[in-house]
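Undergrad: In numbering that gives the first Met the number 0, the protein residues as written are 0 to 420. No residue lacks a Cβ here, since even glycine has one placed at the ideal position from N, Cα and C. Here you go, one structure.
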Amino acid sequence: MYLTPFSEPPSSSSRATTAREPITDVTNTTARDNDNKTKNNTAASPFVPPKNGVERRRTRSDALKSTPNLNLISVPLLEEGIEDGLAAHLASSLVAHILWSRGQVPLPLPQLAKMQAYEEDDEELPTNSKEAKEKAKANALLESFDILGSHLSTTFTALSTAMALGAQNEQNPLHTAHMSVVLGSSLTSSGKTGSSTVLVIDGLVGRIWGQRRTPRTVEEDESDEERSEDEEGEEEGGDSEGDEDNEEQEVGEEQSEEPPDSDEEEEEDEDEEDEEEDEDSEVDENDTGYLEAQRQRHLQDTMRTADKLLLRALVGGSGGREIVVEEELAPTQAHILLRAPRRFKHDAWMPKQNLKLAPAVESLVSGGPAPSSKASKKDKKVDVVWIEGTGDVSEPPSTRHEDDEMIWWIWTGGKIVGFSM
0 MYLTPFSEPP
10 SSSSRATTAR
20 EPITDVTNTT
30 ARDNDNKTKN
40 NTAASPFVPP
50 KNGVERRRTR
60 SDALKSTPNL
70 NLISVPLLEE
80 GIEDGLAAHL
90 ASSLVAHILW
100 SRGQVPLPLP
110 QLAKMQAYEE
120 DDEELPTNSK
130 EAKEKAKANA
140 LLESFDILGS
150 HLSTTFTALS
160 TAMALGAQNE
170 QNPLHTAHMS
180 VVLGSSLTSS
190 GKTGSSTVLV
200 IDGLVGRIWG
210 QRRTPRTVEE
220 DESDEERSED
230 EEGEEEGGDS
240 EGDEDNEEQE
250 VGEEQSEEPP
260 DSDEEEEEDE
270 DEEDEEEDED
280 SEVDENDTGY
290 LEAQRQRHLQ
300 DTMRTADKLL
310 LRALVGGSGG
320 REIVVEEELA
330 PTQAHILLRA
340 PRRFKHDAWM
350 PKQNLKLAPA
360 VESLVSGGPA
370 PSSKASKKDK
380 KVDVVWIEGT
390 GDVSEPPSTR
400 HEDDEMIWWI
410 WTGGKIVGFS
420 M
């Protein structure tokens, strides 16, 4: 995050000195000020003024602010592309926040998990007691949420692979992913009695699973150069063997004339050993394992920063509108949906090719025209959490293969049901 530079105010002596300086040419000073104002007004800037230290570009999310029945919450990240691990982490954090803000759990999930862990050491409660039933519901919800978090980590990897396989422009591997969290007894009841929240990952990096993440290391480049030099040396070795024998004889005669200096030779040997150790350390730093560890550290730092930005946006601290809670929802079931191509493969997700959500959601994910205000008056507002990077996202091709068609998939790895105490 960027910090605004701080400048100390001038001291009293400097203010007094400045006040006593005469202005010799008022006309020229006024003209210079007007020129500066004109330059500042005409200068084009591609950025929106920073909010909370994060510079945000004008992106496609800005065009949705006036869409009926959409409550847009923008979360800009200073990352060119959003990796699958970061996307999964933010998706899990959003689900946890929705369950808490919609009244599906009595406490935030981290606090609820700690409370359940402390209560495990207490005496066993009667099976039919109210406390025992509440504890069973809490344990079931926490267990399902843990399974969801585990599945999301591989889900976005599989989604990234599916999008990369269908991408026609390899130079721009950034895509847009959609996940929906629907609260209600059924998927169709969310528009009237439940709630719907759509997560947009604008800039998901498309990469085939198992594909090399890091470029070629210095060690590999050096080994290739050494291999080529060895091959050239073998070709020239047959012609130069006689010359090398003569040179060795001459060198031997010169060395016999001058006695060796043992101290100088020992110092040279120590210097050569130090240089070899430095080269070994440089090779270790360019090792694939080292680069992967560096990438993981960067990912952890990015996750912490993104978590803070997401939470700040959801509670309205970043100037955006927070998640709308029009009325308290009774404990109900949470349905997790993912927009993915037909070629997407994951054991925890089942395709729902004929599923249609609220008109506002369908127009959002398909890129079609927004529904009319008259048609959408009966439906509730849909919260859209738009997480975007700084890179340009590839546009979907005009003609698609059947496997590239985007459909809804529903999570079947568990059942998340809210409860109250």
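Going by DSSP, what residues sit across from Lys421 in a beta bridge?
TA: Since the first residue of the chain shown is 0 and the last is 420, residue 421 is not available in this structure.
Undergrad: Evaluate Ser179 with the Cβ neighbour count: other Cβ atoms within 10 Å of its Cβ, from every protein chain shown; 16 or more gives buried, anything less gives exposed.
TA: When all chains shown are included, Ser179 counts as buried.
Undergrad: Once the 5 residues before and after Ala95 are set aside, which same chain residues still bring their CB inside 6 Å of it?
TA: Closer than 6 Å at Cβ, skipping near neighbours: Leu108.
Undergrad: Hey, would you say Arg311 sits closer than 8 Å to His177, going by beta carbons?
TA: The answer is no: Cβ separation not under 8 Å.
Undergrad: Which residue or residues does DSSP assign as beta-bridge partners of Ile81?
TA: DSSP, once it has assigned bridges, lists Leu203 as partnering Ile81.
Undergrad: Which two residues bound the contiguous beta strand (DSSP E) that contains Glu175?
TA: For the record, residue 175 in the displayed sequence is Thr; it is not Glu. Looking at the DSSP string, the run of the beta strand (DSSP E) that includes Thr175 is Leu173 to Leu182.
Undergrad: Going along the chain, which residues of its own chain have a beta-carbon closer than 8 Å to the beta-carbon of Lys64, five neighbours each way excluded?
TA: Here the set comprises Leu71.
Undergrad: Looking at the unbroken beta strand (DSSP E) that takes in Arg338, where does it start and where does it end?
TA: Segment Gln332 to Pro340, the beta strand (DSSP E) holding Arg338.
Undergrad: So the candidates are Thr126, Ile146 and Gly165; which of them puts its Cα closest to the Cα of Arg399?
TA: When only C-alpha atoms are compared, the closest one is Gly165.
Undergrad: Return helix, strand or coil for Glu387, following the three-state DSSP convention.
TA: Strand, per DSSP.
Undergrad: Closest to Leu198 by CA distance: which of Gly183, Ile386 and Phe144 is it?
TA: Ranking Gly183, Ile386 and Phe144 by Cα distance to Leu198 puts Ile386 first.
Undergrad: Taking a contact to mean a Cβ-Cβ separation below 8 Å, would you say Ser91 touches Gln332 in this structure?
TA: No, the pair does not count as a contact, with Cβ atoms beyond the cut-off.
Undergrad: Please list, in chain order, all residues of the same chain as Glu78 whose beta carbon is under 6 Å from its beta carbon, the five residues on each side excluded.
TA: Gly388, listed in sequence order.
Undergrad: Find the nearest neighbour of Gly413 within the set Pro395, Lys355, Val381 and Leu336, judged by alpha-carbon distance.
TA: When only C-alpha atoms are compared, the closest one is Leu336.
Undergrad: What residue does the alpha helix (DSSP H) around Pro358 start on, and which one ends it?
TA: Pro358 to Ser365 is the span of the alpha helix (DSSP H), which, as asked, contains Pro358.
Undergrad: Mind checking who Ser449 pairs with in its DSSP beta bridge?
TA: Limits of the chain in this structure are 0 at one end and 420 at the other, which puts residue 449 out of reach.
Undergrad: According to DSSP, is Val94 part of a helix, a strand, or is it coil?
TA: Val94: helix per DSSP, three-state reduction.
Undergrad: Report all residues from its chain with a CB closer than 6 Å to the CB of Leu308; omit the five preceding and five following residues, and keep chain order.
TA: If we look at Leu308 and ignore the five residues flanking it on each side, its Cβ neighbours are Val74.
Undergrad: Got a sec, what are the start and stop residues for the alpha helix (DSSP H) Leu308 sits in?
TA: Looking at the DSSP string, the run of the alpha helix (DSSP H) that includes Leu308 is Thr287 to Leu313.
Undergrad: Which of the three DSSP states is assigned to Leu106 in this structure?
TA: The answer is coil: DSSP assigns Leu106 none of H, G, I, E or B.
Undergrad: Using DSSP with H/G/I as helix, E/B as strand and the rest coil, what is Thr66?
TA: If DSSP states are grouped into helix, strand and coil, Thr66 belongs with coil.
Undergrad: How many whole angstroms separate the CB atoms of Leu85 and Met302, which I take to be in contact at a CB cut-off of 8 Å?
TA: Leu85 to Met302, Cβ: 6 Å. Contact.
Undergrad: Given that a residue counts as buried once 16 or more other Cβ atoms are within 10 Å of its Cβ, and exposed if not, what is Ala305?
TA: By the neighbour-count rule (16 or more Cβ atoms within 10 Å), Ala305 is buried.
Undergrad: Would Arg353 be called buried (16 or more neighbouring beta carbons within 10 Å of its own) or exposed?
TA: Per the sequence presented here, residue 353 reads as Asn, with Arg not at that position. That one is exposed.
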